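This report refers to the structure that appears directly beneath it.
Residue numbers (UniProt numbering), protein chains in the order written: chain B, 1 to 470; chain D, 1 to 341.
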């Protein structure tokens, strides 16, 4: 087989590309629908027209993005069968159930109520219309729960029994599957991180306008909401991330070792957390590193004298259990992805605290560098989210389902490398074009700012809802 | 009853829901070049499905997920086997979906033309290929002992399957035109009805030939013959009521036609889910492709509780957006937004 047309490598690239691409829109959707719902609630409760302007403004940004999330999501579901048919056969009995539940409980809900929200401004009573945006938010968050429960089975298989005759894993307890300890930590971690991304988007947009001294009436409260959300969600993301690493150490010690590039088992003060390393992270030719003693022990076990197993010991254990093979992921990816995720996340909380201080009591800093820094909130918080998932998924390798199925054994045997290549090229082209279109549209809408406040009805004094059409 | 058999029919039901609902979305998209004389007309057409296309499309996501959960082997064989056909469907659905949202974001006519084109292509391709896919499933394809498809894309484009593709294409086209006449007002409503009359004749001829050909494949199984005959009657009824201008009855009969046609195909298939033309022993059946009893039990309870709820809130959505769309609706709405544009 020609190396360029290796179906396994191509299928992995395709999954990685389409999944990362899809995932650009997921946290924005989950976060922005909630932000929009919060603004609409503020309008409903206070009647201040600026909140209506903010609802429509951020709602429009959310919708441009939502369409992309929907259409790229279908690819996700189809390609399990298309590129990973042996995986689908092996886990379908277990893995399919949460996907079906996701569709029946969440997708329909989300897709129905988003239509009611977009077009229902003049057709539904104000209160019901408000409920439709919350229903959409609820649907998107529930769908995240089911997909993370499915993913968590790949990280930490539970609630199954092997059926040797059929050669597959079979579900024995749906409740256990849905309360997988990895899922219980990863779900809130992902949701709070999504809120950070949305907060980043709000901060970026608000900062852009405030730096130009325009739309002050609406962008001031927006910035405030963005900064507080960033801090709150940032702290919660950290706490749940801590829970997630505990679960990870318990279920996938190799991933933690790979995150730290720890080759030897280390205990106590030796279990240091390296913030930064120059040279190869595997320690063979380390030039320089900054290390915090005890921190790794603290992160992994919540004690000062805990031990963290090293890659070499785990490799030996796994070879004994599963036969010869390389059981470590690509270390430089896991090592750096882990650091970028944490580093960027902490940076944002820091930036948000500074931002709150600088804008206290309605101040608008004159220094343009403050605003220039704030504008990076959105791209960098999204980047933190993406590297976090790269870490989670690359750290699972070489397993597709940890300890049960290797990635190389899950690929579709009947699909040729050429077919996968055609699909990679096609997806890359259409996704690339749409990314440019979407980015330009969002930029245009965001830079234009909120529309002028609608005139209240001359007789009733109320704001009449307008009709929405495509 | 065996739960796997129940799930065979639930999967059929989900695809029926998908084809009825997204079917008229495809149809509306395909009528753009015929009924959309100017931008305002095209906006009227797109707005008939604006609030609902997303929930309609979700039916295929749920059908796919349920297929995965209830029949992992069927899902795996079908999706890896029909690789390039599904790739085309995915690309088309992507192009169509974003176009609804992006088309109205800018006023330039060149911008809008691009997205009109994508809506049309994005409607034609899936409307054709879903029929091709289902005809191939019924007819059987080359499947080896490991349940892997061994043919190519071109093997899927055989005469019978292409006729199946034309059948869904024309059914959805007519379905969409009737939907437009049901959902619009003014001149376009009448033009849609006339278009449906013309398209209906072609649809009846093509669909009838496909159902007859399928009768041979189904070896004149009685249940198939009854359902197919009823589907044909419903289709002719839909055409007649459209001629008389009874839009609601005509649309309902089109939905019944699609439901009965899909049901007849699943009946022809039963108890297989994907017959192998290589060796009968390699055929995927309800029995050897399904999930374990436990998984199906969990799924059954979920479906039992949530499907009625889903139908309820989706029905409510259609009720909320029951008003006909006309040029005046669009003018009034965009007139308000005009200063911003």
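For each residue, glycine too, the CB sits at the ideal point set by N, CA and C.
This structure is a prediction, so every number in the text was calculated from the model and none was measured.
Only residues of its own chain outside the window of five on either side were considered, and among them 12, 15, 16, 19 have a CB closer than 7 Å to the CB of residue 262 of chain D, listed in chain order. Within the region 396-424 of chain B, the residues whose Cβ lies closer than 8 Å to some Cβ of chain D are 412, 413, 414, 415, 419, 422, 423, listed in chain order. Between residue 78 of chain D and residue 155 of chain D, the alpha-carbon positions lie close to 14 Å from each other. Within the model, the alpha-carbon separation for residue 125 of chain B versus residue 8 of chain B is close to 53 Å. Residue contact check for residue 142 of chain B against chain D: no CB pair falls below 7 Å. Within the same chain, and ignoring the five residues on either side of residue 136 of chain B in sequence, the residues whose Cβ sits closer than 7 Å to its Cβ are 33, 110, 113, 114, 117. For residue 213 of chain B, there is no enclosing alpha helix (DSSP H), since its DSSP letter is neither H nor E. At a cut-off of 7 Å between beta-carbon atoms, residue 111 of chain B makes contact with chain D. The beta carbon of residue 390 of chain B is closer than 6 Å to those of 337 in its chain, skipping five residues each way along the sequence.
Here residue 463 of chain B has 454, 456 as same chain residues with Cβ atoms under 6 Å from its own Cβ, once five neighbours each way along the sequence are excluded. 451, 452, 454, 466, 467, 468, 469, 470: these are the residues of the UniProt region "Disordered" (449-470) of chain B whose beta carbon lies less than 9 Å from some beta carbon of chain D, given in chain order.
If you ignore the 5 residues before and after residue 211 of chain B, its C-beta comes within less than 7 Å of the C-beta of 368, 371, all in its own chain and listed in chain order. Annotated three-state conformation of residue 71 of chain D is coil, per DSSP. Close to residue 247 of chain D, with beta-carbon spacing below 9 Å, lies no residue of chain B; the smallest spacing is near 21 Å. In the DSSP assignment, residue 272 of chain D forms a beta bridge with D:285. Among the residues of the region 287-309 of chain D, those with a Cβ less than 8 Å away from any Cβ of chain B are 291, 292, 294, 295, 298, 299, 302, 303, 306, 307, in the order of the chain. Using a CB distance cut-off of 7 Å, residue 430 of chain B counts as an interface residue toward chain D. Against chain B, a Cβ distance below 8 Å from residue 146 of chain D picks out 413. Residues of chain D whose Cβ lies closer than 7 Å to the Cβ of residue 119 of chain B are, in chain order, 50, 51, 321. Of all C-beta pairs linking the region 425-433 of chain B to the region 290-300 of chain B, fewer than three are shorter than 8 Å, placing the two stretches out of contact.
For residue 87 of chain D, the nearest beta carbon of chain B is closer than 7 Å to its own beta carbon. Counting the other CB atoms within 10 Å of its CB gives residue 193 of chain D a total of 16 or more, which places it among the buried residues. Non-local C-beta neighbours of residue 14 of chain B in its own chain, meaning closer than 8 Å and more than five positions away in sequence, comprise 79, 83, 420, 423, 424, 427, ordered along the chain.
Annotation: residue 141 of chain D is outside any beta strand (DSSP E) and is labelled neither H nor E by DSSP. Burial state of residue 162 of chain B is exposed, judged by a 10 Å Cβ sphere holding fewer than 16 other Cβ atoms. Judged by pairs of C-beta atoms under 8 Å, the region 65-81 of chain D does not touch the region 39-55 of chain D, as fewer than three such pairs exist. Here residue 215 of chain B is buried: its Cβ has 16 or more other Cβ atoms, across all protein chains shown, within 10 Å. With a threshold of 7 Å between beta carbons, residue 272 of chain D makes no contact with chain B. Under DSSP, residue 149 of chain D takes part in a beta bridge, and its partners are D:143. Neighbourhood of residue 29 of chain B in chain D, by CB distance below 7 Å: empty, with the nearest CB roughly 13 Å away. Straight-line measurement puts the Cα of residue 105 of chain D at about 34 Å from the Cα of residue 252 of chain D. Distances from the alpha-carbon of residue 446 of chain B to those of B:259, B:23, B:44, B:60 put B:60 closest.
The beta-bridge partner set that DSSP reports for residue 399 of chain B consists of B:406.
For residue 156 of chain B, there is no enclosing alpha helix (DSSP H), as DSSP gives it neither H nor E. Proximity of residue 93 of chain D to chain B, defined by a Cβ-Cβ separation below 7 Å, is satisfied.
Residue-level contact by beta carbon fails for residue 190 of chain D and chain B, as no gap is shorter than 7 Å.
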